[in-house]
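Worksheet: one structure, shown below.
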Amino acid sequence: MTILEFAEQRVRSRTSAPPPVRTRPPRRSRGGTFLLPPWRRAPLMAFRHPAVILAVVAAAAILACATSSASLFLSSSSSEAMRRILAASCPDAPYPTVNISQAAKIRIDASRGVRVVEKLPDLARAERNVPRAMTGSGLPAPIRTIQTPISGQGIPPAIHGQTRQPIRMFYGDGALDHVDTMSRISGNGMMISSAGAEILSVRPGDSITLAGVPVRIVGVYKNLFAAPLPSYWCSYTDLGIVPCPTCGADPPPLGIFTDPGTFDQFFLRVAQAAGTDARVDYRWLAPIDTDGLTLTRARAVLREQRETYRRLGLTPANQVIGSSNQSLLPKMTDQVTHIRDGLRGPVVPIALGGALLALLLVGAAGSYWADRRAREVRLLSSRGVGPGGLALKAALELTLPAVVGTVLGWLLARWLVATLGPGSVLDPSAPGDAALTAALGLAAGVLLLALVAGLRARNATERPVGARRSWAAIVPWEVLIIVAAGLSFLRLRGERAVVLDGGVAQVNLLLMAAPLLFLLGTAVLTVRLLTTVLRPLRRHSQRWPVPLYLAVSRITSAPVVAVTLLAALAMPVAMVVYSAGITKTSQYTVDAKTGVFIGGRASIVSVDRIRRTPALDRVATMVDRYERAHLGSATGPEVTVLAVDPDTLPRFAFWDDRFADRSLDDLMSRLAAPPRNGTVPALFIDDASGARPTSVRIGDSTVPLRVVGTPRVFPGDHSPDPMVVVSAAALGDRNAGASRFTEYWSDRDAGTLSTVLTRSKVRILVTYTQQKVQDVANFLAVTWSFGYLEALAALVGLITIGGLLLYLETRARSRAASFALSQRMGLSRRGHLLSMLTEMGMVLGAASVVGAALGWLAVLPVYGRIDLDTSRPPGPLLTVPVTALAGAALAACLVAVAAAGYAHHSAGRTDPSEVLRLGE
Amino acid sequence: MKACEQVNREVPAVSDQFPIDDRVPGGLGTAAPAAVCYDVHKVYRTLDEEVVALTGVDKEFPPGRITTIAGPSGSGKSSLLRILACVDRPDRGYVRIGQTDVSELGARGRRALRRTEVGYVFQNPMDNLVEYLDAVDQLKLAARLRGVRPGPGLADVDRLLEVLGLQHRRSHRPVHMSGGEQQRLAVACAVIGRPSIVVADEPTAELDSASADRVLDAIGSLRDSGVAFILSSHDARVVEATDHLLRLERGRTVESC
């Protein structure tokens, strides 16, 4: 058949006759194709290409790290939250507790007109049953305390000689190990505090009488309030072992029995002899191991406690005798659960985002495989093997390295969480959960590897040359992302950025989503716009030095790759700057709030006011606090008055220049000015009213004021009431009848301050530290959320560096060819290295600047909405994340130098003749 | 269009080198073309411009003949070869391989056609072979991918190796063969299973003259199997060894015979 005949046939076929040729290819069976050597040997093939293995192992490791980090992080954070809550509580506060309060049953004998004991408490039975029930439920063997009720009901005063003194009685397993014994004789009986011994004039060996029953004094111990309270007694402050600020006297003495038998005998004899309705509180505490207590373990302990109650026929409700007697573990567990739930909201989507980004790297590794295996891929494709077959081959080759990478990533995630925190303790189930999510990630990763490898292979051989750019590549899709970000911001304006759930601050998910969308959209849009300057840049670069010209040429010759790389590098920088900006701002704001609450870095509250001494002046400033004072007259609005020492306050008080329009030194110098016309210079702090007071009523005195400053915030602000600050010297003795506490504010740690004050005989009521206040304030969920975002940004940075290396590897051959040609044209090795440095520096420098600018731009509309505790001043204080910015810049420089060095080295290593022969 | 001077030799008789079932029914001279191009146009588009690669190219490729597509760089040789190898489609015109109209086929159909009807030989010998397989396994793989089991005729592995002078290399991997041997083995892989056409992109460009001659001899020895060989080349020896010539310049046919 000639062409002419054939053409005629074609024309005929279009009009009438059916086409003479097939429009479908002939089919032949391909049974068992995938048992052929390229597939059968595939699992071992990858090992012939170490670079591919390395890329897949690294990509899979990063993916596994991202997927498994969420469950590990949540577990770690809940354990750390539990640890911090435990650290801020008394050591025995979480111990499962059984409280049994028993009283002698009293009957009134009408014939004799007296009350008689009808039935005594069966203490022996309780002592037998409770430990058995506790250990039977899985709890450790309990320790026991016995005490008379707080009210001292039914317990008459101790009598020695002519002296009568109310006395409280206590027994606790091991309690005597936690007192400072001053004198002791052998035998059982009661140890009495030094204050009690002094009042009753007793010594060891003497006996006192309680309800007509003699009790032998076997020792004297140092008053517990004379020194910092040992941690054992932390839960027993209701026994009156610390001074009462409003009592004006020392607390009643505490008698500690040496053994429970003596206590029981004494109690029964008292009940029998006195015929009173005497009552005694028994308490068993199971000393669980709180070191490394996880949420799962805490829940298990609660189940054991409930089982104990069930065995004893008790209900949790009848265990409530007083909050201090009740185990705080349920409350702590609830609090930790809230923190965990608060974290889960932002952490899971962030982890998912990180995993998606890591999948991009996995996809790039699949593409890299297709590039490295191009020869075989092209051969098989030319023989009719489709993308499916090639994808299967890629999957078979890369699964083993991907599994290895996943295991490494899982181990890396565990190590990172253990090392960087929040804490090193994990729930036993957390590693298993993390492994499961990592396995799911692996499955998705292998699928994507195969898919990308198959598509890349198809594109390499089957994609039409010079095909028109698809409309999808031209449309600026990122505008949609920016619009979504804008909508999220708008929605966020109508909601709270930080919500309180169960007292725990939790981050609104929009606070995470909106900026991330904004960063993603604007990063892509920015680099799309930057592509428009590439062409003029290339034109101008012809007059520039050779290395610079080469660098610009390389960038502009592959504009899509260059700007994609730029966007990819800008994203992690932007995320680091955003998350660090928000974290730093929130952290500093929380520090400022606690600093304002405490007054300084640490503060001790006492009822004792001492004279200024050089030793005190070295560590603290003294502030008198008068609460419930009144502005104007006694019926005026309530106000807090602080009487400060203007000389020392600026040295020790927490201060930020944004608190006032004037400096603290200036305010203090105005405060220290001598009174004029009987008026005391004062600072007035009140958000609500702009009116300046003219006098304040403190106790029985009215003090005329002259307001010399109105700072917005001042240290020592505890309540929403207005505050008046005056000089203590100027106030003088115009404080009669006022309730006063004296606070010692310091910039040192609490231990140092406590030591100095104890030496000066100051009795310590409360110690505040920033850490203590912050933990109680439940800000952990917020700070950790942003901490996790920062970690994700670092992960994205890693992903990008991985992408950069893959890019360099993929372009290695063309770089080598370019280098060889440049050398022939006289370019020195130094010049080439310089051009590589310039190329990498330009891309990474531009990415850092764009990323930092976008990140900071995202911080500005958001930071003001993150007020973790609106009840405490000050509001959000914008803080520049200097460390993060410097770190990002340093990392960009290091990566630029390393990448340029690597690319230069690999280009120089190649044989120029080989390169020139093979060409691109 | 210039007249062909060097080619248009007598069509050789069908030898008995391969069994009758591998020959073209009715003899080579009367057989329907193994491939046909008619009024083939191809245009490549970049951001700024359109490059016309082929304009109205017509050609028949008879079975059992060697046709060389010649022309300077940018003449459209590679574009036509890609279309004939079923990797690409013409923008306009008609292309038939065996009994199948390529112009109407999608990627999947072209892939299937590539598997059964087209053999391809790349310029670089190493690109044609799987590096970790010996010669016998190379051929077996090629046969299995074409959907045939090694057997008599063009599926006879031993016979092909013998015809191409590669019997002594049957258990050698490509890395242990010379460039010429690699390329001959590639030709064997391309013809195994008897596709309609074998497309070879400058198959001798990377070989020394002796090796190139042996490759051309190998192709010549397989000519009477009924497979149509379509080569692209600048090499005068290749043109000399072929039965038909298609010379292209700027995408147009300037010589065809």
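Sequence lines, in order, name chains G and B. Numbering of the first sequence is given in the working numbering, commencing with residue 3 and proceeding in unit increments. Numbering of the second sequence is given in the working numbering, commencing with residue 2 and proceeding in unit increments. For every residue, glycine included, the Cβ atom is placed at its ideal position computed from N, Cα and C. In this text the structure is predicted, and so the values were computed from the model without any measurement.
Check	Outcome
Spatially closest choice to His235(B) from Arg115(B), Arg116(B), Arg97(B), Gln124(B), by CA coordinates	Gln124(B)
Where Ala57(G) sits in the DSSP three-state scheme	helix
Contacting positions in the segment 171-200 of chain B - beta carbon closer than 7 Å to chain G	none
For Gly391(G), the nearest candidate out of Ala44(G), Gly443(G), Met136(G), Val565(G) (CA to CA)	Ala44(G)
Residues that Pro706(G) bridges to, as DSSP identifies them	Ser697(G)
Contained alpha helix (DSSP H) runs [length at least 4] in the segment 166-209 of chain B, N- to C-terminal order	180-192
Helix, strand or coil at Ser369(G) [DSSP, three-state]	helix
Under 9 Å from the C-beta of Ser80(G): neighbouring residues of chain B	Near Ser80(G) there are no residues of chain B at all, since even the closest Cβ is about 52 Å away, more than 9 Å.
Residues that Pro52(G) contacts on chain B, provided the C-beta gap is smaller than 7 Å	Simply none; closest approach about 16 Å.
Residue range of the alpha helix (DSSP H) that includes Phe654(G)	651-654
Proximity test, Cβ basis, 7 Å: Arg537(G) and chain B	no
Chain-ordered neighbours of Asp138(B) on chain G, where CB pairs are closer than 8 Å	Pro39
Which of helix, strand or coil DSSP assigns to His42(B)	strand
Touching by the beta-carbon criterion (3+ pairs, under 8 Å), the segment 435-443 of chain G and the segment 365-376 of chain G	no
Proximal residues to Val25(B) (C-beta, below 7 Å), its chain only, five neighbours per side dropped	Low per-residue confidence applies at Val25(B): pLDDT is 43, beneath 50, and the placement is therefore not dependable, though the value from the model is reported in the following sentence. If we look at Val25(B) and ignore the five residues flanking it on each side, its Cβ neighbours are Ala32, Pro64, Gly65, Gly227.
Closest residue to Ile161(G) among Ser873(G), Thr183(G), Val217(G), Pro676(G) (Cα-Cα distance)	Val217(G)
Proximal chain B residues relative to Val387(G), where beta-carbon distance stays under 7 Å	Leu146
Cβ neighbours of Arg14(G) in the same chain (closer than 6 Å, five flanking residues each side left out)	Note that Arg14(G) scores 42 on pLDDT, short of 50, meaning its location in the model is unreliable and no value can be drawn from it.
Any 3 or more C-beta pairs closer than 8 Å across the segment 70-79 of chain B and the segment 229-246 of chain B	yes
Rounded separation between Glu182(B) and Ala48(G) - CA only	27 Å
Rounded Cβ spacing between Leu81(B) and Ile198(B) (contact assumed at less than 8 Å)	Actually they do not touch by this definition, with Cβ atoms about 12 Å apart.
At least three beta-carbon pairs within less than 8 Å, the segment 591-603 of chain G to the segment 867-887 of chain G	yes
For Thr744(G) and Leu76(G), the rounded distance between their alpha carbons	42 Å
Every unbroken beta strand (DSSP E) within the segment 201-227 of chain G, with a cutoff of 3 residues, ordered by chain	209-212, 215-223
Beta carbon of Pro158(B) nearer than 7 Å to that of Leu140(B)	The residue asked about is misnamed: residue 158(B) is Val in this sequence, not Pro. Yes, they are a contact pair.
Environment of His245(B) [buried if 16+ CB atoms lie within 10 Å]	buried
Nearest to Thr408(G) (by Cα), restricted to the options Ser71(G), Ser703(G), Thr421(G), Thr528(G)	Ser71(G)
Nonlocal neighbours in the same chain, by C-beta distance under 6 Å from Phe788(G), ignoring five residues either side	Ser581, Ile584, Thr585
Per-residue DSSP class, three states only, for Ser924(G)	Because chain G here runs from 3 to 922, residue 924(G) falls outside it and cannot be looked at.
DSSP-derived helix/strand/coil call for Arg42(G)	helix
Candidates Ala95(G), Thr802(G), Ile341(G): closest to Tyr238(G) by CA position	Ala95(G)
DSSP state of Val132(G) mapped onto helix, strand, coil	helix
CB contact check: Lys787(G) to chain B, cutoff 7 Å	A quick correction: the sequence has Ser, not Lys, at residue 787(G). Not closer than 7 Å to any Cβ of chain B, the Cβ of Ser787(G) fails to qualify, so no.
Local conformation of Arg253(B) per DSSP, three classes	strand
Outcome for Gly30(B) when other beta-carbon atoms lying within 10 angstroms are tallied against a minimum of 16	Here the model assigns Gly30(B) a pLDDT of 47, short of 50, so the residue's position is not dependable, and the following value carries that caveat. Its Cβ having fewer than 16 others within 10 Å, Gly30(B) is exposed.
Ala617(G) vs Val500(G) beta-carbon contact at 7 Å	no
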